[in-house]
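Asker: Here the protein sequences line up with chains B and A, keeping their order.
Residue 192 in our numbering sits at position 192 of the first sequence; the count goes up by one each step and never skips.
Numbering-wise, our numbering comes out as the position in the second sequence, counting from 1, plus 1000.
For every residue, glycine included, the Cβ atom is placed at its ideal position computed from N, Cα and C.
Following this message is one structure expressed as structure tokens.
Number of protein chains: 2
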Amino acid sequence: MRIAVLGTGVVGRTLAAALVTHGHEVTVGTRDPVASLARDGADGFGTWAAAHPTIEVGSFADAATGAELVVNALAGTASVAGVTAAGIADGTVLLDVANPLDASHGFPPSLFVANTDSLAEQLQRAQPGLRVVKSLNTMTARLMVSPLELPGFTTFVSGDDADSKAVVTRLLTELGHTDVIDLGPLETARGAEALMLVWLRLWGVVGSPMFGYRIVR
Amino acid sequence: MRIAVLGTGVVGRTLAAALVTHGHEVTVGTRDPVASLARDGADGFGTWAAAHPTIEVGSFADAATGAELVVNALAGTASVAGVTAAGIADGTVLLDVANPLDASHGFPPSLFVANTDSLAEQLQRAQPGLRVVKSLNTMTARLMVSPLELPGFTTFVSGDDADSKAVVTRLLTELGHTDVIDLGPLETARGAEALMLVWLRLWGVVGSPMFGYRIVR
Chain B
1 MRIAVLGTGV
11 VGRTLAAALV
21 THGHEVTVGT
31 RDPVASLARD
41 GADGFGTWAA
51 AHPTIEVGSF
61 ADAATGAELV
71 VNALAGTASV
81 AGVTAAGIAD
91 GTVLLDVANP
101 LDASHGFPPS
111 LFVANTDSLA
121 EQLQRAQPGL
131 RVVKSLNTMT
141 ARLMVSPLEL
151 PGFTTFVSGD
161 DADSKAVVTR
171 LLTELGHTDV
181 IDLGPLETAR
191 GAEALMLVWL
201 RLWGVVGSPM
211 FGYRIVR
Chain A
1001 MRIAVLGTGV
1011 VGRTLAAALV
1021 THGHEVTVGT
1031 RDPVASLARD
1041 GADGFGTWAA
1051 AHPTIEVGSF
1061 ADAATGAELV
1071 VNALAGTASV
1081 AGVTAAGIAD
1091 GTVLLDVANP
1101 LDASHGFPPS
1111 LFVANTDSLA
1121 EQLQRAQPGL
1131 RVVKSLNTMT
1141 ARLMVSPLEL
1151 PGFTTFVSGD
1161 DADSKAVVTR
1171 LLTELGHTDV
1181 IDLGPLETAR
1191 GAEALMLVWL
1201 RLWGVVGSPM
1211 FGYRIVR
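What follows is the structure, given as structure tokens:
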């Protein structure tokens, strides 16, 4: 598949690199490619991009052109603007892995949308022609692409369109996710995003982000 | 221990009956004991009370008198008023198992407090002399008292006072809870209560309330 990843943070980089490994053609979109690529140093995006020469880096719109699937790996607060700027073709699947974190009040962050609405629904309303699927937002980036390091946890999928959930579920299976639960329509992302409120606390208690939710049943 | 259970619904009855089985002296408190006991029929509280003659039924205040631990098993919307009416002695542990469900918009309910506050914190603010501990709200009543029917799921505890969390954790262990995670201070109940947003969806997907969250780590 031709996949565009929006976002140059740890989540975006981790997903982009793994998707290439699985044989996909991957582009990465960023608001300002020149500024992003100028960030060198050990953790700089420019350094990462130089080490991944098969991954094309461009503007949100450049990256999204021709993509069969677009991944929103932007910060929650930047997601609606970034996805909108990408001008993604109607009918494209948007896999939203972001969380609506509000860090303005210190740690742990709360959510800037919750309970009766979700970031995934905000994206769907902003871009009604897309087919938004929420998934992967309930785990650390490494487990998104390397789930078999922690056997047995559950990965949730939410979305209004069965075909696009099937596309995402195939991708999840490729990456090694073994227990995928379809929670139902996109509004079930309210629950999946709210898991972040427990996740941030568990991170401290467990002492590592390498944990996951298993639905025992 | 002498334990008062506030609430005559399925959760209150299930907890009260199980706590007696484990050797505790249990009272059940209800807003209007005469009206509650008059409910006969197969599922009526009066029928249940007659079948459990060792459990004393009274007003919230009657039930709470002399209790070493009080369980809030009231509906979320009735919790602050009920706990306040009970006039519970300062220093008593209040085990809050309720969820702040707002059913006024149909199914599934949303939460009437979430994200930046919680029902547990509302109770603590309303009754600052109590030591509120949140637990057991993330599972169906049967699993609260019979967790070994579903081996391996995790039970969360939130509270500001280490001693009262230890009291509750001992009680959980007695009931058979094998994986108890202390999430931290009472404000971590925001996460535990938000799990209800996923729980209500999973109930439909799993087709049964006999499921639980395991933190795989």
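Provide the residue span of the alpha helix (DSSP H) that contains Gly76/B, from first to last.
Answerer: For the purposes of this step, residue 76/B is taken as the residue at position 76 of the first sequence. Its alpha helix (DSSP H) spans residues 76–86.
Asker: Along the chain, where does the beta strand (DSSP E) containing Ala1004/A start, and where does it finish?
Answerer: Mapped onto the second sequence, residue 1004/A falls at position 4. That run of the beta strand (DSSP E) goes 1002–1006.
Asker: In chain order, what residues of the same chain have a beta carbon less than 6 Å from the beta carbon of Met144/B, not counting five sequence neighbours either side?
Answerer: Taking the first residue of the first sequence as 1, we reach residue 144/B at position 144. So the qualifying residues of the chain are Leu136.
Asker: So with CB distances below 7 Å, who are the chain B contacts of Thr1188/A?
Answerer: Locating residue 1188/A in the second sequence gives position 188, where the first residue counts as 1. Chain B residues near Thr1188/A: Arg201.
Asker: Tell me the rounded alpha-carbon separation between Asn72/B and Thr27/B.
Answerer: Reading the first sequence from its first residue, position 72 is the one you call residue 72/B. Reading the first sequence from its first residue, position 27 is the one you call residue 27/B. Going by the C-alpha atoms only, they are around 12 Å apart.
Asker: Tell me where the alpha helix (DSSP H) around Ser1036/A begins and ends.
Answerer: Here residue 1036/A is taken as the residue at index 36 of the second sequence, counted from 1. Residues 1033–1037.
Asker: Cutting at 8 Å between CB atoms, please list the residues of its own chain near His24/B, excluding the five before and the five after it.
Answerer: In the first sequence, the residue the question calls residue 24/B occupies position 24. Met1, Arg2, Ile3, listed in sequence order.
Asker: If you draw a straight line from the C-alpha of Arg190/B to the C-alpha of Ala75/B, how long is it?
Answerer: Stepping through the first sequence from its first residue, residue 190/B is reached at position 190. Stepping through the first sequence from its first residue, residue 75/B is reached at position 75. Cα to Cα, Arg190/B sits roughly 17 Å from Ala75/B.
Asker: Closest by CA to Asp96/B, which one among Gly152/B, Gly207/B, Ser79/B?
Answerer: As a position in the first sequence, residue 96/B is number 96, starting the count at 1. Of Gly152/B, Gly207/B, Ser79/B, the residue nearest in Cα terms is Ser79/B.
Asker: Among Ala1018/A, Ala1061/A, Thr1092/A, Thr1014/A, which one has its Cα closest to the Cα of Pro1033/A?
Answerer: For the purposes of this step, residue 1033/A is taken as the residue at position 33 of the second sequence. Per the Cα distances, Ala1061/A.
Asker: Under the rule that 16 or more other beta-carbon atoms within 10 Å means buried, what is Gly82/B, buried or exposed?
Answerer: The residue you call residue 82/B lines up with position 82 of the first sequence. By the 10 Å Cβ count, Gly82/B comes out buried.
Asker: For Asp1182/A and chain B, any beta-carbon pair shorter than 8 Å?
Answerer: Working through the second sequence from its first residue, we reach residue 1182/A at position 182. It does: the Cβ of Asp1182/A has a partner Cβ on chain B nearer than 8 Å.
Asker: I'd like to know whether the C-beta of Met139/B is nearer than 8 Å to at least one C-beta of chain A.
Answerer: The residue you call residue 139/B lines up with position 139 of the first sequence. For Met139/B, the answer is no, since every Cβ of chain A falls outside 8 Å of its Cβ.
Asker: So, under 8 Å CB-CB, Phe153/B and Asp117/B are touching, yes? Tell me the CB distance rounded to an integer number of Å.
Answerer: By one-based count along the first sequence, residue 153/B stands at place 153. By one-based count along the first sequence, residue 117/B stands at place 117. Actually they are not in contact, since the Cβ atoms of Phe153/B and Asp117/B sit about 26 Å apart, beyond 8 Å.
Asker: Count the other CB atoms within 10 Å of the CB of Leu1148/A; is the residue buried (16 or more) or exposed (fewer)?
Answerer: Start at 1 with the first residue of the second sequence, and residue 1148/A comes out as number 148. Leu1148/A comes out exposed.
Asker: Examine the Cβ distances between the segment 123–131 of chain B and the segment 199–208 of chain B and report whether three or more of them are shorter than 8 Å.
Answerer: The segment 123–131 of chain B, when compared against the segment 199–208 of chain B, does not touch it at the 8 Å Cβ threshold.
Asker: Out of Thr1021/A, Val1020/A, Glu1056/A, which has the shortest C-alpha to C-alpha gap to Leu1037/A?
Answerer: Along the second sequence, read from residue 1 onward, the residue named residue 1037/A stands at position 37. Residue Glu1056/A is the option with its Cα nearest to Leu1037/A.
Asker: Give the residues of chain B in contact with Gly1191/A, contact being defined as C-beta atoms less than 7 Å apart.
Answerer: Taking the second sequence and counting its residues from 1, one reaches residue 1191/A at position 191. Going along chain B in sequence order, the residues near Gly1191/A (Cβ under 7 Å) are Leu197, Val198, Arg201.
Asker: Between Leu1006/A and Ala1086/A, which are expected to be in contact by the criterion C-beta below 8 Å, what is the C-beta distance as a whole number of angstroms?
Answerer: Translated into the one-based positions of the second sequence, residue 1006/A becomes position 6. Translated into the one-based positions of the second sequence, residue 1086/A becomes position 86. Going by Cβ atoms, the distance from Leu1006/A to Ala1086/A rounds to 6 Å, so yes, they are a contact pair.
Asker: By DSSP's criteria, Ser158/B is part of a beta bridge. Which residues make up the other side?
Answerer: Within the first sequence, the letter at position 158 stands for residue 158/B. Beta-bridge pairing links Ser158/B to Lys134/B, Gly184/B.
Asker: Would you say Val1157/A and Val1167/A are within 8 Å of each other, going by their C-beta atoms?
Answerer: Translated into the one-based positions of the second sequence, residue 1157/A becomes position 157. Translated into the one-based positions of the second sequence, residue 1167/A becomes position 167. Not a contact, by the Cβ cut-off of 8 Å.
Asker: Does Asn115/B come within less than 8 Å of chain A when only Cβ atoms are used?
Answerer: As a position in the first sequence, residue 115/B is number 115, starting the count at 1. Yes - at least one Cβ of chain A is within 8 Å of the one on Asn115/B.
Asker: Taking the alpha helix (DSSP H) that Arg284/B belongs to, which residues open and close that run?
Answerer: Absent from the model: residue 284/B. The displayed extent of chain B is 1 to 217, so no value can be given.
Asker: Nearest chain B C-beta to Ser1135/A closer than 8 Å, yes or no?
Answerer: Position 135 of the second sequence, counted from the first residue, corresponds to residue 1135/A. No, its Cβ sits nowhere closer than 8 Å to a Cβ of chain B.
Asker: Checking contacts by CB at 8 Å: is Gly148/B closer than that to chain A?
Answerer: Walking along the first sequence from the start, residue 148/B turns up at place 148. The sequence shown places Leu at residue 148/B, not Gly. No - not a single Cβ of chain A is within 8 Å of the one on Leu148/B.
Asker: Among Val1133/A, Asp1182/A, Thr1077/A, Arg1013/A, whose alpha-carbon lies nearest the alpha-carbon of Ser1110/A?
Answerer: Your numbering for residue 1110/A matches position 110 in the second sequence. For the residues Val1133/A, Asp1182/A, Thr1077/A, Arg1013/A, the minimum Cα distance to Ser1110/A belongs to Thr1077/A.
Asker: Using a cut-off of 7 Å between C-beta atoms, extract the partners of Ser1110/A located in chain B.
Answerer: By one-based count along the second sequence, residue 1110/A stands at place 110. In chain order: Asn115, Thr116.
Asker: For a test of the three-state rule: what should DSSP assign to Asp163/B, helix, strand or coil?
Answerer: Along the first sequence, read from residue 1 onward, the residue named residue 163/B stands at position 163. Here Asp163/B sits in helix by DSSP.
Asker: Taking the alpha carbon of Ala1051/A as the point to measure from, which residue in Arg1217/A, Arg1013/A, Ala1120/A, Val1070/A has its own alpha carbon closest?
Answerer: On the second sequence, position 51 is the one that residue 1051/A refers to. Comparing Cα positions, the closest option is Arg1013/A.
Asker: Let me check understanding here. Comparing Cα to Cα, which of Asp182/B, Glu187/B, Pro100/B, Leu200/B lies closest to Thr1188/A?
Answerer: As a position in the second sequence, residue 1188/A is number 188, starting the count at 1. Closest option to Thr1188/A, Cα to Cα, is Leu200/B.
Asker: What residue range does the beta strand (DSSP E) around Gly58/B cover?
Answerer: Residue mapping note: residue 58/B aligns to position 58 of the first sequence, counting from 1. Its beta strand (DSSP E) spans residues 56–59.
Asker: Can you tell me the Cβ-Cβ gap for Ala120/B and Lys134/B, rounded? I've got them flagged as a contact below 8 Å.
Answerer: Stepping through the first sequence from its first residue, residue 120/B is reached at position 120. Stepping through the first sequence from its first residue, residue 134/B is reached at position 134. Going by Cβ atoms, the distance from Ala120/B to Lys134/B rounds to 4 Å, so yes, they are a contact pair.
Asker: Given Val1221/A, which residues of its chain have a CB within under 6 Å of its CB, disregarding the five upstream and five downstream residues?
Answerer: What the structure shows of chain A is the stretch from 1001 to 1217, and residue 1221/A is not part of that stretch, so it cannot be assessed.
Asker: For the candidate residues Asp1160/A, Thr1084/A, Val1070/A, whose alpha-carbon lies nearest to that of Leu1015/A?
Answerer: Taking the first residue of the second sequence as 1, we reach residue 1015/A at position 15. Taking only the C-alpha atoms, the option nearest Leu1015/A is Val1070/A.
Asker: Using a Cβ-Cβ cutoff of less than 7 Å, which residues in the same chain neighbour Trp1048/A once the five nearest sequence positions on both sides are dropped?
Answerer: Numbered from 1 along the second sequence, position 48 holds the residue referred to as residue 1048/A. Arg1013, listed in sequence order.
Asker: For Arg214/B, would you say it is in contact with chain A, using Cβ-to-Cβ distances shorter than 8 Å as the test?
Answerer: Taking the first sequence and counting its residues from 1, the one referred to as residue 214/B is at position 214. For Arg214/B, the answer is yes, since a Cβ of chain A falls inside 8 Å of its Cβ.
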